[in-house]
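Reading through the structure tokens given below for one structure.
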Amino acid sequence: MRKLIDIDEATLTKLKVISIFEKTSVKGLIENAVQAYVKNKQSSQFNNLSDEEKEDLGLLMLMQEADRSERVSREEIMKILKS
């Protein structure tokens, strides 16, 4: 995905200098910075969740991994619940 962002000249100059020392492109440096920021925010938001909210989030993640093409009949579910 391509997104355009505006960066002031002073910050761009600093990014260019950092990119030289890091031996990477300015684009790569910005991408890494954004990824680190997002990961940090996700981590801090997760730490602020209650145990119940963490459980809900875990269940949501498991549901997203489920194979939606597999189907189970009502009889099979009822049989498992009666066990």
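4 is the number of the first residue of the sequence shown in my numbering; add one for each residue after it. Note that CB positions come from ideal geometry on N, CA and C, so glycine has one too. These figures come from a predicted structure and were not determined experimentally.
Between residue i and residue j, is the Cβ-Cβ spacing less than 9 Å?
i	j	result
S22	L32	yes
L15	V29	yes
L63	F49	no
L18	I10	yes
Ordered along the chain, which non-local residues of its own chain (more than five positions away) have a Cβ less than 6 Å from that of residue i?
i	result
E12	none
Take residue i and list the residues in its own chain whose beta-carbon comes closer than 7 Å to its own, dropping the five residues that flank it on each side.
i	result
L54	Residue identity differs from the one stated: residue 54 is Asp in this sequence, not Leu. Result list for D54: empty, nothing under 7 Å.
K26	none
Less than 8 Å between C-beta atoms, sequence neighbours within five positions excluded: which residues of the same chain meet that for residue i?
i	result
K85	none
N43	none
L52	L60
Quick one: complete alpha helix (DSSP H) runs, 4+ long, within the stretch 26–64? Here the runs fully enclosed are 29–50.
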